[in-house]
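Peer 1: Got a structure for you, written out below as structure tokens; questions coming shortly.
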Ligand code: SIN
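In this note's numbering, the protein residues as written are 9 to 528.
So this is what it looks like as structure tokens:
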């Protein structure tokens, strides 16, 4: 089946849906694809803390300084300046005025700005402690209002390029161009050829490559893997941000304990009740995430404990009642038998955010013509070696706007004859079903390898070992990928092993400990 669009957006989080809204409003024929059956199964949906926003008295230079010092000055200063200039006001123009989102207010009816680590001002707007799902649902509603088609259960297999796929030999000698995507319709197994004059990747992060993560299982980094195979530049892939505090619990997994608890006074303590962050940074509990995550990891190693504790019960300073301010964390912890108003919360660090990705410019353009990337899958250089808290939702929104404006201003169609030279996907003559237990085993092996050898603290020996193991997994996975009847799980696993190898290679190349890449 062959279909034609002006723009295909892959991913339905903040970056993908915002881009689709801007494009549709500019009069383009846009479709959003997501591999999930639920549109809202995105990293955006699980964001707790909030979003950096304009605030009276805050100053652009202070925000720039905070981003640069969290990112260890490894940042792209042009991206940082653009973000600080255009981003904070956009929260008001797009989320508040256009979408009508009502962020949490103080008892006097003013917007409640919260604090997070490494911010020199309280400049983060939030909706209680579940900002992401409120943004996600408002975006979906607005997308529906505009009549933007969202095709669920559609998994991208590979980008179509002239150099890789055309049957016209002359195309091999032209600069590389993206022309669309081969897509698997999950529930029928049909593989479709979707053409587009522009493709935007907005597929989110890679957290699921790690044994412990705050991300949902869908965070397999598909966009980076397809872009890499198409030949796009990838940068900063060694910089995986580990969130210091995810819930440590036998039954509740992947649950974030927002940094804004520390913004509102919470302290990290060991199992004997000792506050230990003063041993690691003058900023104590509000030091940048990499410092806090490593401190917790070291304390766990020193004491032999599998977790540390976060105490909000004794230290909360906010004026909104604790149960209300952190309503979701309160309810979720209570389900697990922990009352955060009375006792400390057991926590461990977990993979949280990918600071690297597909290299893009200030308009979201990748190194391949017609291919854009926005949000976590992209690397604008904004975050440098480590991301400042609550900057990612806004980065996704801002680059969605910049990319969409660039597309609509310079929109040109690819000649139809050139598209006609692209064949449909060819399935192997004999394809077989694979036992999902084998796939699960491979997933576990990758996650453990990444956690142990490419995690919070890395060594060159460990990275060598990781590379050797990943080479072996790649060999096996590519082999059965070629023979298998394709399904979403196999496509994700292939993407995962490609991405894990990209990360480990980048980490091995960078011998300098900086930001969230720490080598012993
Ligand atoms: C958090 O609430 O701690 C997460 C915020 C972020 O990652 O930006």
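Think of the CB as a built atom: it goes at the ideal place given N, C-alpha and C, for glycine as much as any other residue.
Comparing alpha-carbon positions, which option in 466, 506, 401 and 355 lies nearest residue 261?
Peer 2: The residue with the shortest Cα to Cα distance from residue 261 is 355.
Peer 1: Among residues of its own chain, excluding the 5 on either side of residue 434, which ones have a beta-carbon nearer than 7 Å to its beta-carbon?
Peer 2: Nothing meets the Cβ criterion.
Peer 1: Could you check how far apart the C-beta atoms of residue 357 and residue 250 are, in whole angstroms? I think they sit under 8 Å.
Peer 2: With 8 Å as the limit, residue 357 and residue 250 qualify as a contact, their Cβ atoms being about 5 Å apart.
Peer 1: Candidates 10, 247 and 137: which alpha carbon is nearest residue 522's?
Peer 2: Out of 10, 247 and 137, 247 has the C-alpha closest to the C-alpha of residue 522.
Peer 1: How many Å lie between residue 239 and residue 141 at the Cα?
Peer 2: So the two alpha carbons sit approximately 34 Å from each other.
Peer 1: Return helix, strand or coil for residue 316, following the three-state DSSP convention.
Peer 2: Of the three classes helix, strand and coil, the one that applies to residue 316 here is strand, per DSSP.
Peer 1: Is DSSP giving residue 136 helix, strand or coil here?
Peer 2: Here residue 136 sits in coil by DSSP.
Peer 1: How about the stretch 390-406 and the stretch 68-88: do they share at least three Cβ pairs that are nearer than 8 Å?
Peer 2: Yes: the two stretches touch, three or more of their Cβ pairs being nearer than 8 Å.
Peer 1: State the DSSP-derived secondary structure class of residue 421, mapped to helix, strand or coil.
Peer 2: If DSSP states are grouped into helix, strand and coil, residue 421 belongs with coil.
Peer 1: Along the alpha helix (DSSP H) that carries residue 85, what are the first and last residues, could you check?
Peer 2: That run of the alpha helix (DSSP H) goes 85-98.
Peer 1: Can you give me the C-alpha to C-alpha distance between residue 206 and residue 14, rounded to a whole angstrom?
Peer 2: Cα-Cα distance, rounded: 7 Å.
Peer 1: Starting from residue 336, trace the alpha helix (DSSP H) in both directions and tell me its first and last residue.
Peer 2: Segment 335-343, the alpha helix (DSSP H) holding residue 336.
Peer 1: Label residue 309 either buried or exposed according to how many other C-beta atoms from any shown protein chain fall within 10 Å of its C-beta, with 16 as the threshold for buried.
Peer 2: It counts as exposed.
Peer 1: Quick check: what's the CA-CA separation for residue 276 versus residue 323?
Peer 2: Taking the straight line joining both Cα atoms gives about 10 Å.
Peer 1: Can you tell me the Cβ-Cβ gap for residue 21 and residue 210, rounded? I've got them flagged as a contact below 8 Å.
Peer 2: Indeed, because the Cβ distance is near 6 Å, the residues count as touching under 8 Å.
Peer 1: Compute the distance between the beta-carbons of residue 27 and residue 17, then report whether it is under 7 Å.
Peer 2: For residue 27 and residue 17, yes; Cβs fall inside 7 Å.
Peer 1: Tell me, please, whether the stretch 180-200 touches the stretch 151-171 by the rule of three or more beta-carbon pairs shorter than 8 Å.
Peer 2: Touching, yes, given that three or more Cβ pairs across the two stretches are closer than 8 Å.
Peer 1: Ignoring anything shorter than 3 residues or poking outside the stretch 21-94, list the beta strand (DSSP E) runs there in chain order.
Peer 2: Listed in chain order, the complete beta strand (DSSP E) runs (minimum 3 residues) inside the stretch 21-94 are 38-41.
Peer 1: Please confirm whether any heavy atom of the ligand SIN lies closer than 6 Å to the CB of residue 411.
Peer 2: It does not: the Cβ of residue 411 is nowhere closer than 6 Å to a heavy atom of the ligand SIN.
Peer 1: How about residue 48 and residue 144: do their beta carbons lie closer than 7 Å?
Peer 2: Yes; because the gap between Cβ atoms is below 7 Å, this pair is in contact.
Peer 1: Specify which residues have a beta carbon nearer than 5 Å to any heavy atom of the ligand SIN, listing them in chain order.
Peer 2: The answer, residue by residue, is 56, 57, 266, 267, 397 and 398.
Peer 1: Tell me which same chain residues have a C-beta within less than 8 Å of the C-beta of residue 456, skipping the five on either side of it?
Peer 2: For residue 456, where only same-chain residues beyond five positions count, the Cβ hits under 8 Å are 219.
Peer 1: Could you give the DSSP three-state label for residue 467: helix, strand or coil?
Peer 2: Residue 467 falls in the coil class under three-state DSSP.
Peer 1: My output table needs one value for residue 122: the three-state DSSP class, helix, strand or coil.
Peer 2: Residue state, collapsed to three classes: strand.
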